[in-house]
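K.L.:
Dropping the structure in here first, questions after.
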Amino acid sequence: MLTAVSLFSNCGAGDVGYRRADFQFEVMAELEPNRLDVCERNHPGTKGVPGDLRTTWQQVVADWHQRQEGNRPDLLCACPPCQGMSSARAGLGAGSDPKKWEVDERNLLVEVVANVVRSLQPRLVVLENVPQFLTRLVKHPDTDDGISAPNLLLERIGVDYAAFPVVVDMADYGVPQTRKRTFITLVRRDEPCLVLLNQSRKIPFPIPTHEGDKRISFGQFFTQYNLSPLNPLRAEEAVDAQDPLHAVPVWDNGVDDRRYAMVQATALNGGSAWDNKACSIGCNNENESINDEMAVCPQCGNPLLRPVVKDKKTGDWRLIQGFRNSSYRRLDERLVASTVTTASAHLGSDINIHPTQNRLLSVRECALLQTFPWDFDWGKTLERGHLNKIREMIGEAVPPLFTQAHGLVLNNLLEGTADLDSLMDINNTRSRRARIKLGLPPQPVQDQPTLF
């Protein structure tokens, strides 16, 4: 079995996929103790390092040497927190203005990755992040210039490693949700497999298996599970007595809670609450001329069952400001699911309303869409009933179905058994576009000994 180290491990779900591809994680590092507990439960035998990696990275190195003295890791995985990079947080700074990004120090956590890589010299390094990771600028720690986080990493370790970036949608690999992510695989320049990659013009990444009409729809995916219906209006019916993860938020807070009525009025399979014509007291507005900007019923003046709020200054009802195409909308069981995020417990944050039931997706459904194994051990977090913390871990995870496919490619490359036909071509659009965004040549010069 090959050896590995994981940084910014979250709950260790993505690492489960690499473990299935025969990578044994010797050391895993995570800031939050409850997440590290989940890592250790699902990776028996690993050494967990808690705390901020900016101060604990040397402990990671020490623990590795204590366990594997004289050896270097075959794989180092790192998923530095990406909230500061996501498009939803674009207010923290424009991609072309590095000074605005100074407010979020997480964008410089690749420095930690560089420190560990320089110390351990792993054969392969894998970074995962949001697509914006390739282009959003941060302030260079040594100058006032702007630089992308990946380019900062390459500046620190690029002399020893060749970079292979891609931006992929994991739905193209059998994951039943749209999930676009950046992956950068770094290969040590003295690895024999790098010569093979250069000569074959391939990259260390699997070819898609579920493109186009091969994608797995929500309905198709859940036919294999017999999940019980849930009712968010009653606490005892909002959770499956046999499965504590199959649970949804309760929408009965003792006051005027319009959430259930709004969801109930929303058309099944892809319907949007922004299109609702019904009002809170049940006026029949089907024949009324109600446009997209109306917030109140033309008959009675009460709010429509749309995402509305009372204006604090005027006292009038108005539509909530938000992304109408990506909020207050049902999933469509005929299509691949939308991206599972950390905010899956909140109505209006994403497309997270069940296609046919009047509720949000359950924790179990989110975990399954992220391809977590059914028996994934949530330990104390589940025992204490912290379902929202579990939702956050699920939303930040890398689907293990995907990392298993990637891990098998990496394993075969290191072991000298790679099937070139299963590897992505360097001219594939996913690779070419990512290389351009990272400032690398779209394809290597023919007589270049390595890709960089």
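First residue of the sequence shown: 1264, per the working numbering; consecutive thereafter. Ideal placement from N, C-alpha and C gives every residue a C-beta, glycine not left out.
Give the DSSP bridge partners of residue 1667, in chain order.
P.N.:
DSSP output for residue 1667 lists no bridge partner at all.
K.L.:
Within 10 angstroms of the Cβ of residue 1629, are there 16 or more other Cβ atoms? Answer buried if so, exposed if not.
P.N.:
It counts as buried.
K.L.:
Report the three-state DSSP secondary structure of residue 1315 (helix, strand or coil).
P.N.:
Here residue 1315 sits in coil by DSSP.
K.L.:
Would you mind reading off the limits of the beta strand (DSSP E) that contains residue 1410?
P.N.:
Looking at the DSSP string, the run of the beta strand (DSSP E) that includes residue 1410 is 1409-1411.
K.L.:
Can the beta-carbon of residue 1300 be found less than 9 Å from the beta-carbon of residue 1643?
P.N.:
The answer is yes: Cβ separation under 9 Å.
K.L.:
Rounded to the nearest angstrom, what separates residue 1592 and residue 1614 at their Cα positions?
P.N.:
If I take the Cα positions, the gap works out to 5 Å.
K.L.:
Are residue 1293 and residue 1273 close, meaning C-beta to C-beta below 9 Å?
P.N.:
Yes, Cβ-Cβ distance for residue 1293 and residue 1273 is below 9 Å.
K.L.:
In its own chain, which residues sit with a C-beta less than 6 Å from the C-beta of residue 1382, not counting the 5 before and 5 after it?
P.N.:
Once the five neighbours on either side are set aside, the close Cβ partners of residue 1382 are 1324.
K.L.:
Are the stretch 1475-1484 and the stretch 1438-1447 touching, with three or more C-beta to C-beta distances below 8 Å?
P.N.:
Yes, the stretch 1475-1484 is in contact with the stretch 1438-1447.
K.L.:
Compute the Euclidean distance between the alpha carbons of residue 1501 and residue 1450, then round it to the nearest angstrom.
P.N.:
In a straight line, the C-alpha of residue 1501 is about 48 Å away from that of residue 1450.
K.L.:
Determine, using beta-carbon pairs with one atom in the stretch 1534-1542 and one in the stretch 1559-1578, whether at least three such pairs fall under 8 Å.
P.N.:
Touching, yes.
K.L.:
Just verifying my parser: in three-state terms, what is the DSSP assignment at residue 1711?
P.N.:
Note that residue 1711 scores a pLDDT of 42, beneath 50, so its modelled location is shaky; the value from the coordinates is reported in the next line. Of the three classes helix, strand and coil, the one that applies to residue 1711 here is coil, per DSSP.
K.L.:
With residue 1495 and residue 1514 assumed to form a contact (beta carbons below 8 Å), what rounded beta-carbon distance in angstroms separates them?
P.N.:
Contact holds; Cβ gap of about 4 Å.
K.L.:
Which value, in whole angstroms, describes the spacing of the CA atoms of residue 1597 and residue 1533?
P.N.:
About 9 Å.
K.L.:
By Cβ distance, which residues of its chain are closer than 7 Å to residue 1424, with the 5 residues on each side in sequence left out?
P.N.:
Cβ within range, chain order: 1388, 1449, 1450, 1451 and 1452.
K.L.:
In whole angstroms, give me the CA-to-CA distance for residue 1457 and residue 1558.
P.N.:
Each residue's Cα considered, the two are about 60 Å apart.
K.L.:
Going along the chain, which residues of its own chain have a beta-carbon closer than 7 Å to the beta-carbon of residue 1713, five neighbours each way excluded?
P.N.:
Below a pLDDT of 50, predicted positions are generally treated as unreliable, and residue 1713, at 44, falls in that range; the measurement from the model is reported next regardless. For residue 1713, where only same-chain residues beyond five positions count, the Cβ hits under 7 Å are 1425, 1452, 1457 and 1461.
K.L.:
At what residues does the beta strand (DSSP E) containing residue 1571 begin and finish?
P.N.:
Taken as a continuous stretch (DSSP letters only), the beta strand (DSSP E) holding residue 1571 covers 1571-1573.
K.L.:
Please state whether the Cβ-Cβ distance between residue 1227 and residue 1421 is less than 9 Å.
P.N.:
There is no way to answer for residue 1227, as the model of the chain reaches only from 1264 to 1715.
K.L.:
How many Å lie between residue 1391 and residue 1343 at the Cα?
P.N.:
Roughly 8 Å separates the two Cα atoms.
K.L.:
Return the Cβ separation of residue 1599 and residue 1434 in integer angstroms, given the expectation that the two are a contact with Cβ distance under 8 Å.
P.N.:
Confirmed, about 5 Å.
K.L.:
Here's the rule: buried if 16 or more other CB atoms are within 10 angstroms of the residue's CB, otherwise exposed. What is residue 1318?
P.N.:
Under this definition residue 1318 is an exposed residue.
K.L.:
Classify residue 1625 as helix, strand or coil using the three-state DSSP reduction.
P.N.:
In the structure shown, residue 1625 sits in coil (DSSP, three-state: anything other than H, G, I, E or B).
K.L.:
Could you tell me the distance, in whole angstroms, from the CA atom of residue 1708 to the CA atom of residue 1393?
P.N.:
Here residue 1708 scores only 48 on pLDDT, less than 50, and its place in the model is too uncertain to base an answer on.
K.L.:
Go to residue 1513, then tell me how far its beta strand (DSSP E) extends in each direction, as first and last residue.
P.N.:
Unbroken run through residue 1513: none, as it is neither H nor E.
K.L.:
Among residues of its own chain, excluding the 5 on either side of residue 1640, which ones have a beta-carbon nearer than 6 Å to its beta-carbon?
P.N.:
Once the five neighbours on either side are set aside, the close Cβ partners of residue 1640 are 1304 and 1305.
K.L.:
Cα separation between residue 1376 and residue 1268?
P.N.:
Near 11 Å, if we compare the C-alpha coordinates of residue 1268 and residue 1376.
K.L.:
Looking at the structure shown, is residue 1320 part of a helix, part of a strand, or coil, going by DSSP?
P.N.:
Helix, per DSSP.
K.L.:
Quick one, are the C-beta atoms of residue 1670 and residue 1427 less than 9 Å apart?
P.N.:
Cβ distance not < 9 Å, so residue 1670 and residue 1427 don't count as in contact.
K.L.:
Measure the C-alpha to C-alpha separation of residue 1411 and residue 1288 and round it to an integer number of angstroms.
P.N.:
Computed Cα separation, rounded: 29 Å.
K.L.:
Could you tell me which of 1659, 1373, 1623 and 1611 sits nearest to residue 1447, measuring between CA atoms?
P.N.:
Comparing Cα positions, the closest option is 1373.
K.L.:
Where does residue 1657 fall in DSSP's three states?
P.N.:
Three-state result, residue 1657: helix.
K.L.:
Could you check what DSSP says for residue 1580 in three-state terms: helix, strand or coil?
P.N.:
In the structure shown, residue 1580 sits in a strand (DSSP, three-state: E or B).
K.L.:
Using a Cβ-Cβ cutoff of less than 7 Å, which residues in the same chain neighbour residue 1581 once the five nearest sequence positions on both sides are dropped?
P.N.:
Around residue 1581: 1558, 1571, 1572 and 1574.
K.L.:
Measure the C-alpha to C-alpha separation of residue 1459 and residue 1689 and round it to an integer number of angstroms.
P.N.:
If I take the Cα positions, the gap works out to 13 Å.
K.L.:
Is the beta carbon of residue 1485 less than 9 Å from the beta carbon of residue 1650?
P.N.:
Contact flag unset, no.
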